[in-house]
Amino acid sequence: MSVPILEVCDLTAAYGRIEVLRGVNLSVPKGAVMALLGPNGAGKSTLVQCIAGQKEHTGGDIHLAGVNVHRAAPEDLARIGLCTVPEGRSVFPNLTVEENLQLMSYAGVPAAAVLETAFSYFPRLLERRKQLAGTMSGGEQQMLAMSRALASDPALLLLDELSMGLAPLIVEELYDTVAQIAESGVSILCIEQFARTALRVSDYAAVMSGGRIVASGEPAEVLETMSDVILGGAA
Amino acid sequence: MDTFIAFLIPGLFTGAAYAIAASGLVLTYTTTRVFNIAHGAFGMVLSFVFWDLTIRQGLNVVLSLFLVLFVIAPLIGFIMQRLITRGLGNAPVGVSLVVTVGMFVGLIGFAQQYWPEDRIEPEAPRFVPPFWLTFADGDGVPGWQVAGTSITGLQLITILSSIVVAVGLYLLLNKTRIGTAMRASVDNPELLRLFGGKPDNAAALAWMIGMSLAALTGILLVSVVGLDYFGLTLLVVNAYAAAMVGRLKSLPMTFAGAMGIGVFESLAIGYSTDSPLLSTVRPAIVPIFLFAVIVLAPQAQLRIGQVKGMVSAPVPSIPRMGIAGAATLLVAALFVTTASDVRLLQLGTAATYAIVMLSLVLLTGYGGHVSLAQLSFAGVGALTYAKLDEPNLSGLVMATLVAAGVGALVALPVLRLTGLYLALATLAFAVIMEKVVFKSPDLGFGSGGAVEVERLSILGYRFESTGAYVFLMVAFMVAIGMGVLVVRRGVVGRMLIAMRDSPAACGTLGLDMRWFRVGLFASSAGIAGLAGALVAGLRRLTGEADFIFFNSLPLLLLAVVFGITSVTGAVLGGVGLMLLPVLQAETVNVLGSDVKLGGLMFMVIGIGAVLAARDPNGLSNYLFRFGRFLERRLRARIVAGLPQLTTPDGLAADGLTDGRTDGGADETAVHEPAPTGVPLGKVVSDGAPARG
Amino acid sequence: MPLLEVDDVVVQFGGVTAVNHASFEAEAGRITGLIGPNGAGKTTCFNVISGLQRPTKGAVRFNGRTVTRTPVHRRSRQGMGRTFQRLEAFGSLSVRDNVRVALDIHRGFRGIIKPSASDIDGLLERVGIRSYADDRADAIPTGTARLLELARCLAGAPKLLLLDEPSSGLDETETDDFGDLLEDLAAEGMGILMVEHDMDLVMNVCDTIRVLDFGEVIAVGDPSMIRSDPKVQKAYLGYSDVDVDKEPVA
């Protein structure tokens, strides 16, 4: 078996005295799509920030394609093929669509190629190339954000709450794009509250709660655990 | 029509120079959120560098120009960004302001030190000839005839340069990836890093370009303004107004604003010769304009989501305060009965500065607002006291109230705004006071003039002798110091700190912060006004020279260096500021050559403030720590060595090793004798090391 | 008449609609839960209600008065108290002084003349953080700081409490105690509107739950109704045409 593209071993992280990650173990095989589910405050976004180099972890290791990446800067990780789409609208609102796309060329693919890929996938972006990104609808902004994942040909794609605050139909469209990216062989770790949507495109799934992975396995078996964790199975 | 054009052309010239300066300012502010008050000072220093290279070293002009604009200035910009301003954008605006004010004062000190005014170098006249001095059309007047007036080569070059800068910046920001990244890092630097961009590099580039533009402004203006430390520096203040027109972000608006200001100013100068009112107001046109633009700025949103304790606040108990105050008065009483008149005047001056700094403790230390006009408020107090000609308590009270009222008037229009805007409003106010009000013969002291002032009498007793008067001043200082501490201990003080920590929470708890802020500003201005009235009486003569705008800056910086969160810091700062001119006159022998301390002091203060700004508790904090350390050590030794010692000892010395909190655990009966011989300046302490 | 009415509120940032024609109310003496997935516009709703954010459209009525354009501090004086999702404690002050400031503000000029004393410890006791009274507020755990914000609100004796994720950072027993406290407060007649992610807490204490999704209220009801509402399950678990064998617990 080949080296997993992402391996997280016993990762801990904290905000001040408050421990948010309490020993996370997670492995994403090369070429696979893994959905990471869990309620708010479970530590999912913190995990993404640690992997992307935005937040320093307090213990444990992160290996990207077998290489320990402790203390690597996010921009350096981005340049060697880690594409992180953080939660919220991950576009620059006061730049035009075209300028947003131009900045995506930092990851290594020339700007002209990025533009071409983006416009061929999302013709609506072509219509709006001169528009400020912040004035587009949420779905269009997320298309723009996904263009980076599409065009920059990453080794690993981290998607954090792609669906946040979006209408269901648009979420479906976005996940179609995720499926397309996955087909091209990109490994994806996809953080989501909307379990079913994410599970539709994933090969594996894991559930996080209280700073730990509490369940993992095939999508269908994980969904049941998931609903307990999220809607409160107790009462 | 011809006169109009004759005024228009110099207006376009100054407008173009402002535009170049202001665009540098806007560029650095938008990319790093640091408003560089020292922008003009950098321009001044770099124009001196240019003069040094061309005239003193005799280097080729074009080569020098290249060196300054494309090597030295960018290098300085890079170093500034890497060493000083990195991370400052997220700091409270008070901190970043103090840091750049520190650079401002430090640079002036550096220029005075490195290129002293009185150094005589026959081979290097202090003069930079204007570029492209041509008499091409042979009429004996430089430049070319245009519509009945002449336009010089320098004017043409400046206007062309501004166009080149405008086009260049437009291309950089809109057509290149690094320029786009600069704008992106304004929106969201974290996201830019996830894209693979480096916001730090974008910031460095912005500072490098900003510095080059400052240098260009300085070099273009130097042949007109002359090699003047202050003239060149303050001229760029006018560029702030242009930057404000662009709301500190739009470059096109900044350019338009700069041109507008330049032309308007020039026309006003041209046409105001017949109108006495206009010619009085003339020097203040740009500051008034700046003030107006600030007032029209959009409302700031409350920032939500940060728990940070800025002020570390244990305050001394009331008995401890009383003891320290009494000790100070005792020392002062001993001093005034023995010291010479010269020393007495120095002590009086120190007390004045200390009182003004106490007003800053209240405003900046507790309230978190920065004022760049504290001495101007003192000037208002002095002026009121002098003009009222009522040398008694009611005159003093009136002086305080008028200064407070003026303070409220400055704060009122900018109520909705915060931090930077408020500070710039005080700056505009200070310039207006200096240039218009204080100079006015009817309203103020008269140009270069001075007004005689009688000393105070209270309940029929006239403090005629200098000793008695100085003692009275010290008493006022102690009283205000204690007053500030009582406020800090009480309801109002807690609210001030709460407002500083979280305005949003204060709002949702039901506090109307606007009036609180006006009250705070007014009280602070009132205290400064009182100090002004007192010092006017001390000198018996007061004039505009005592309250010039620039001197408010070292005052603010010394307060920060010594600790703007504590009364002790203010008192020590007062002494320090008084000693400044005394030390400035001194020369010391360094490595066989005499070095004048003049500019050096400014440099030290500036650098000190840059270093100290991040810890508002300042030097006095180290003193408190040292005091606590001594207290622990001595107590251990005393307890071990002299177990029989049971009676408290050394009441007056108590003030020397304080820093304990009123709620603290140190309630032992053993008071240790502390080292003596520390002069006045230990009133009370209230600063403990910051935890946050 | 309900204590609080949010009437057809719309909030747009740039082109993005954060709150989309949201209408709901909160009643005195009852605990209303406002739930919904991340980014559904809950905190923005709170900002509109408390006055930190002007709505693009719509109105907020409180206690029979329209307060849509009333400044923040005046709404507070009319009896609105709120806590923050991202903490807003006064970091330089002790926990006790945090509450003291709130009391002083509430009492206004009376407070300046006659400082408050004994009620503070009572308030700290009530929310269960008495033991932290002398700690600086920037040095206490998140959960404690949230309780501190609650104590600060209670100092103003509000008619309506707006709690933004109050339980995050609390452990299980603390959350249980917190739930009891909320029920007590409601029993005293206080209206409580709470944004919360801990579903156990929401289901246990709330009288009414309103579910917000992409800026709209999609469901209203008591806990059992909400739990079985398919729209809610969709909002939380996602919409998909994938066949899933079992429906989540109903």
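Protein chains in written order, with this note's numbering: chain X, 1 to 235; chain R, 1001 to 1692; chain F, 2001 to 2250. All C-beta atoms in this analysis are idealised placements derived from N, C-alpha and C, irrespective of residue type, glycine included. As the structure is a prediction and not an experimental result, all values here were calculated from the model.
For residue i and residue j, I'd like the C-alpha separation in whole angstroms.
i                : j                : result
T1176 of chain R : Y1170 of chain R : 10 Å
G2033 of chain F : L2182 of chain F : 12 Å
F1048 of chain R : L1232 of chain R : 10 Å
I1005 of chain R : L1012 of chain R : 10 Å
A1196 of chain R : V222 of chain X  : In the sequence as displayed, the identity of residue 1196 of chain R is Gly instead of Ala. Approximately 34 Å between the Cα atoms of the pair.
I2192 of chain F : L199 of chain X  : 36 Å
H1369 of chain R : T96 of chain X   : 37 Å
E19 of chain X   : K44 of chain X   : 13 Å
T1338 of chain R : I2105 of chain F : 50 Å
A1256 of chain R : L169 of chain X  : 47 Å
P1689 of chain R : A2187 of chain F : Here P1689 of chain R scores only 36 on pLDDT, less than 50, and its place in the model is too uncertain to base an answer on.
A1022 of chain R : S1162 of chain R : 11 Å
W1144 of chain R : L1409 of chain R : 48 Å
F119 of chain X  : G134 of chain X  : 18 Å
F2084 of chain F : R2107 of chain F : 22 Å
S1440 of chain R : D2119 of chain F : 57 Å
Which residues does DSSP pair with residue i in a beta bridge?
i                : result
T1149 of chain R : R:V1146
C83 of chain X   : X:L157
C9 of chain X    : X:D61
Y204 of chain X  : X:M34
G1543 of chain R : R:A1450
C190 of chain X  : X:A35 and X:L159
A2186 of chain F : Beta-bridge pairing links A2186 of chain F to no other residue.
D2213 of chain F : F:E2216
L1409 of chain R : BP columns for L1409 of chain R are empty, so no partner.
Should residue i be flagged as near chain R, meaning a C-beta pair shorter than 8 Å?
i                : result
R79 of chain X   : yes
A65 of chain X   : no
R2100 of chain F : yes
F92 of chain X   : yes
T117 of chain X  : no
R2077 of chain F : yes
T46 of chain X   : no
Would a check of beta-carbon distances place residue i closer than 8 Å to chain X?
i                : result
N1090 of chain R : no
G2033 of chain F : no
E1712 of chain R : Lying before the first or after the last residue shown, residue 1712 of chain R is absent from chain R, which here runs from 1001 to 1692.
R1637 of chain R : no
N1762 of chain R : No statement about residue 1762 of chain R is possible, as the shown extent of chain R runs from 1001 to 1692 and does not include it.
G2169 of chain F : yes
P2037 of chain F : yes
F1195 of chain R : yes
Return the chain-ordered list of same chain residues with a C-beta closer than 6 Å to the C-beta of residue i, the five sequence neighbours on each side being excluded.
i                : result
L1521 of chain R : Here residue 1521 of chain R turns out to be Phe, not Leu, going by the sequence shown. Correct list, in chain order: G1407 and A1411.
L1427 of chain R : L1372
T2056 of chain F : V2010, V2011 and Q2012
A1111 of chain R : V1045, F1048 and Y1229
Taking residue i as the query, report the chain C residues whose CB atoms sit under 7 Å from its CB, ordered along the chain.
i                : result
V2072 of chain F : Here the protein chains are X, R and F, and chain C is not one of them.
Residues in the same chain with beta-carbon distance under 7 Å from residue i, minus the five sequence neighbours each way, listed in chain order, please.
i                : result
P1413 of chain R : V1295
L2052 of chain F : V2072
L1221 of chain R : A1017, L1232 and L1235
S202 of chain X  : V33, M34, A35, C190 and P219
D2213 of chain F : G2036, P2037, A2040 and A2235
Can you give me the Cβ contacts of residue i inside the same chain, cut-off strictly under 8 Å, excluding the 5 residues immediately before and after it?
i                : result
Y1421 of chain R : I1294, A1297, A1300 and V1414
Any Cβ of chain F within less than 8 Å of the Cβ of residue i?
i              : result
P74 of chain X : no
G23 of chain X : no
Next item on the list: With 9 Å as the C-beta to C-beta threshold (strictly closer), list the residues of the segment 94 to 115 of chain X near chain R in chain order.
Entry: Per Cβ criterion, the list reads N94, L95, E99, N100, Q102, L103, M104, S105, Y106, A107, G108 and A111.
Note to self: Taking beta-carbon pairs under 8 Å, can you tell me which members of the segment 1487 to 1519 of chain R lie near chain F?
What the structure shows: Listed by position along the chain: G1490, V1491, V1492, R1494, M1495, I1497, A1498, R1500, D1501, S1502, A1504, A1505, C1506, G1507, T1508, L1509, G1510, L1511, D1512 and M1513.
Note to self: Tell me which residues of the segment 136 to 155 of chain X have at least one Cβ-Cβ distance to chain R shorter than 9 Å, keeping chain order.
What the structure shows: Residues R148 and S152.
Notebook entry, point to check: When you check each C-beta in the segment 2134 to 2145 of chain F against every C-beta of chain X, which residues fall closer than 7 Å?
Noted result: Residues P2141 and T2142.
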